[in-house]
Structure formats: structure tokens, C-alpha cells
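*Asks:* For the sequence shown, position 174 (counting from the first letter as 1) is numbered 174 according to the UniProt record's numbering, and the numbering increases by one without interruption.
All C-beta atoms in this analysis are idealised placements derived from N, C-alpha and C, irrespective of residue type, glycine included.
Since this is a predicted model, take the numbers as computed values, not measurements.
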Amino acid sequence: MPTALVILAPGQEEIETTAAIDILRRGKVEVTVAGLEGTDAVVCSRNVSIVPDESLESAASKGPYDMIVLPGGMGGAKANAASSAVKSLLAEQEKADRYIALICAGPLSLISHGIGKGKKVTSHPCIKDDLIKAEYEYSEDRVVVDGKLITSRGPGSAIEWGLALVEQLVGKETADEVRAPLIML
1 MPTALVILAP
11 GQEEIETTAA
21 IDILRRGKVE
31 VTVAGLEGTD
41 AVVCSRNVSI
51 VPDESLESAA
61 SKGPYDMIVL
71 PGGMGGAKAN
81 AASSAVKSLL
91 AEQEKADRYI
101 ALICAGPLSL
111 ISHGIGKGKK
121 VTSHPCIKDD
131 LIKAEYEYSE
141 DRVVVDGKLI
151 TSRGPGSAIE
161 WGLALVEQLV
171 GKETADEVRA
181 PLIML
């Protein structure tokens, strides 16, 4: 069974976070939700609290994971971008050619941690100029897959992004099976 680590940071966007967790689990991916700052409930950008399965420190020791997922939300994105633990995990992930998935402002971690330089990405419009300035190839597409790097725009594209994560990890057939009951138009 493929594995994914979803990193949960204060101020993270809850739609993106729960969409990724839910859709990956529907796709039979073993998902670990790790709290950047420990095991206490994390208050997201719209005051929804989510309880991580374990701390990032604990989860990292159980890796590697087939995919590392960083949802957006500016507060969470800035926390992940400033984290040396996230930097280390992403560097290992890239070196081993394993998946890294980011959405919304999540790609700030690419810039701050020097991951995926020159790759094609998308994001929330608020960090578009930062990505272009950092020499990423920017796309307005809702979901972008460039090798093992998967990015998306924001809450409105979170389900499509989640389905792309399943397709990359498990395959198109499974992604289509997950998509059907979601009533995607």
C-alpha cells in the first residue's frame, strides 16, 4: 500500500488539508497526518481544528513515504517554509525521486528549501510572482504534474489535486473509482 505524509501546520487551509487526506484514503493510500509542532490539535486558517495522528518528528522517523503533502493557507505555508525538519524531508524526498505535493501557498516551501528548481508549477495567485522570480516555470493550470512534483491552485481545485495524487501513487483506474462517487462534473 502506498504511503503519504500530510504535514499539518497552524494556519493551514482546512479544505485543502481534508480533501487531500480524504481522497488519498479513499484511494487506499496509507496516510499519516503529522503535526509540525507536535500532537496537539492544529487550528487552521478558518478556525477549524484538526488533530494530527502524531508529531512530525515521530512520523519522520517512520519514513520514507511515497509522497509528502503540504497543503496551503498562508500561515501553514510560512511555517513549513521556515521549518528545518520540512526542509530535510523535502530534500530527502527529491533526492530519492519520490513525490512532493503542494497546493495554494504551499509551494513557498519549494522556494525557501530550494526544491524542484526550474520545474513547472502552479499555486495560489498570491505567490505566483515569487515562484517566477525564483525561476520556476509557472502555469495557470488548476493542477500541474511535473515528474514527481504535483502542485495546484487553491481550495477550489483541492479535489482535483487529491485525485491527481491518487492517480500518481496508485493509478488512473483507482483515481477514476474514487472520482465516480464524488460527482465531479
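Quick one: what's Ile103 bridged to in DSSP?
*Replies:* Bridge partners of Ile103: Ser152.
*Asks:* State the CB to CB distance for the pair Pro107 and Val121, rounded to an integer number of angstroms; the pair is presumed to be in contact (CB under 8 Å).
*Replies:* Between Val121 and Pro107 the Cβ distance is about 6 Å, and since that is below 8 Å, they are a contact.
*Asks:* Hey, would you say Ile23 sits closer than 8 Å to Gly162, going by beta carbons?
*Replies:* Contact flag set, yes.
*Asks:* For Ser112, collect the residues of the same chain with a Cβ closer than 6 Å to its Cβ; drop the 5 residues on either side in sequence, then sort them by chain order.
*Replies:* Once the five neighbours on either side are set aside, the close Cβ partners of Ser112 are Ala81.
*Asks:* Output needed for Asp97: all residues of its chain with C-beta closer than 7 Å, excluding positions within five of it in sequence on either side, in chain order.
*Replies:* Here the set comprises Lys148.
*Asks:* Is it buried or exposed, Arg46, if we count other Cβ atoms within 10 angstroms and call 16 or more buried?
*Replies:* Label assigned to Arg46: exposed.
*Asks:* Alpha carbon to alpha carbon, what distance is there between Lys133 and Leu169?
*Replies:* The alpha-carbon atoms of Leu169 and Lys133 are separated by roughly 30 Å.
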